[in-house]
Amino acid sequence: MQLDELELDQPPHFEIGEKVKVRKLIKNDGTFPGVDIGKVLANIGDVGYIVSIGTYLQKAYIYAVHFIETGFVIGCRKYELESLDYID
2 MQLDELELDQ
12 PPHFEIGEKV
22 KVRKLIKNDG
32 TFPGVDIGKV
42 LANIGDVGYI
52 VSIGTYLQKA
62 YIYAVHFIET
72 GFVIGCRKYE
82 LESLDYID
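Using the working numbering, you'd call the opening residue of the sequence shown number 2 and step up by one each time.
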(Lines of atoms letter the chains of each structure in order from A and count residues from 1; the text may use other names and numbers.)
(Lines give C-alpha, C1' and ligand atoms only; values in the text may rest on other atoms or scores of the structure.)
Protein backbone atom coordinates (compact mmCIF):
# COMPACT_ATOMS: atom_id res chain seq x y z
CA MET A 1 0.00 0.00 0.00
CA GLN A 2 1.39 3.38 -1.02
CA LEU A 3 1.32 6.24 1.48
CA ASP A 4 -1.38 8.07 -0.48
CA GLU A 5 -3.41 4.91 -1.21
CA LEU A 6 -6.52 4.19 0.85
CA GLU A 7 -7.15 0.49 1.32
CA LEU A 8 -10.74 1.38 2.28
CA ASP A 9 -11.41 2.48 -1.31
CA GLN A 10 -11.72 -1.25 -2.04
CA PRO A 11 -13.85 -3.93 -0.33
CA PRO A 12 -12.08 -6.01 2.36
CA HIS A 13 -9.66 -8.59 0.98
CA PHE A 14 -10.85 -11.29 3.40
CA GLU A 15 -14.32 -12.30 4.63
CA ILE A 16 -15.57 -13.11 8.12
CA GLY A 17 -15.16 -16.84 8.69
CA GLU A 18 -12.36 -17.16 6.15
CA LYS A 19 -9.48 -19.47 7.05
CA VAL A 20 -6.11 -17.70 6.85
CA LYS A 21 -2.47 -18.31 7.69
CA VAL A 22 0.18 -15.90 8.90
CA ARG A 23 2.74 -14.75 6.30
CA LYS A 24 5.10 -12.96 8.70
CA LEU A 25 6.03 -13.22 12.37
CA ILE A 26 3.64 -11.17 14.52
CA LYS A 27 4.99 -9.74 17.78
CA ASN A 28 3.20 -7.73 20.44
CA ASP A 29 3.64 -4.04 19.69
CA GLY A 30 2.07 -3.12 23.03
CA THR A 31 -1.54 -3.34 21.89
CA PHE A 32 -2.10 -6.94 23.05
CA PRO A 33 -2.82 -6.96 26.81
CA GLY A 34 -1.23 -9.48 29.16
CA VAL A 35 1.73 -10.27 26.90
CA ASP A 36 5.09 -8.49 27.09
CA ILE A 37 6.00 -6.12 24.27
CA GLY A 38 8.10 -7.92 21.67
CA LYS A 39 6.80 -11.40 22.52
CA VAL A 40 5.66 -13.54 19.58
CA LEU A 41 1.87 -13.71 19.19
CA ALA A 42 1.74 -15.71 15.95
CA ASN A 43 4.37 -17.56 13.94
CA ILE A 44 4.65 -17.86 10.17
CA GLY A 45 2.22 -20.55 9.06
CA ASP A 46 -0.10 -20.33 12.08
CA VAL A 47 -3.73 -20.82 11.02
CA GLY A 48 -6.76 -18.88 12.19
CA TYR A 49 -10.16 -17.57 11.16
CA ILE A 50 -11.31 -14.01 10.48
CA VAL A 51 -13.83 -13.13 13.22
CA SER A 52 -14.32 -9.42 12.52
CA ILE A 53 -13.14 -6.64 10.25
CA GLY A 54 -12.40 -3.12 11.45
CA THR A 55 -10.46 -0.12 10.22
CA TYR A 56 -7.34 1.78 11.27
CA LEU A 57 -7.00 5.54 10.80
CA GLN A 58 -9.70 5.44 8.12
CA LYS A 59 -7.04 4.07 5.74
CA ALA A 60 -6.65 0.32 6.23
CA TYR A 61 -8.63 -2.75 7.19
CA ILE A 62 -7.72 -4.61 10.36
CA TYR A 63 -8.71 -8.27 10.39
CA ALA A 64 -9.32 -9.82 13.81
CA VAL A 65 -8.01 -13.37 13.49
CA HIS A 66 -8.85 -16.06 16.05
CA PHE A 67 -6.00 -18.51 16.35
CA ILE A 68 -7.58 -21.70 17.72
CA GLU A 69 -4.31 -23.23 18.95
CA THR A 70 -3.39 -20.29 21.22
CA GLY A 71 -6.86 -18.84 21.72
CA PHE A 72 -5.50 -15.40 20.78
CA VAL A 73 -7.55 -12.96 18.71
CA ILE A 74 -5.02 -10.74 16.97
CA GLY A 75 -5.55 -7.72 14.73
CA CYS A 76 -3.71 -8.23 11.44
CA ARG A 77 -3.18 -6.26 8.24
CA LYS A 78 -3.81 -7.75 4.79
CA TYR A 79 -0.12 -8.16 3.98
CA GLU A 80 0.36 -10.30 7.12
CA LEU A 81 -2.19 -12.92 6.02
CA GLU A 82 -2.82 -15.42 3.25
CA SER A 83 -6.17 -17.06 2.52
CA LEU A 84 -6.46 -20.81 2.83
CA ASP A 85 -10.03 -20.77 1.47
CA TYR A 86 -9.36 -18.92 -1.79
CA ILE A 87 -6.39 -18.89 -4.12
CA ASP A 88 -5.67 -15.48 -5.70
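For glycine and all other residues, C-beta sits at the position ideal for the given N, C-alpha and C. Quantities reported herein were computed from a predicted structural model and do not represent experimental measurements.
Under DSSP, I75 takes part in a beta bridge, and its partners are V66.
Under a 10 Å Cβ-count criterion, L82 is classified as buried, with 16 or more other Cβ atoms of the shown protein chains found around its own Cβ.
The stretch 32 to 46 and the stretch 10 to 19 do not touch, with fewer than 3 CB-CB distances between them shorter than 8 Å. Contact between A43 and I75 holds, since their C-beta atoms are separated by about 6 Å, short of 8 Å. With distances taken between CA atoms, Y87 lies nearest to V21 out of D10, V21, L9 and L7. Sequence-distant Cβ neighbours of R24 in its own chain, meaning closer than 8 Å and more than five residues away, are I45, Y80, E81, L82 and E83.
E8 places its beta carbon less than 9 Å from that of K60.
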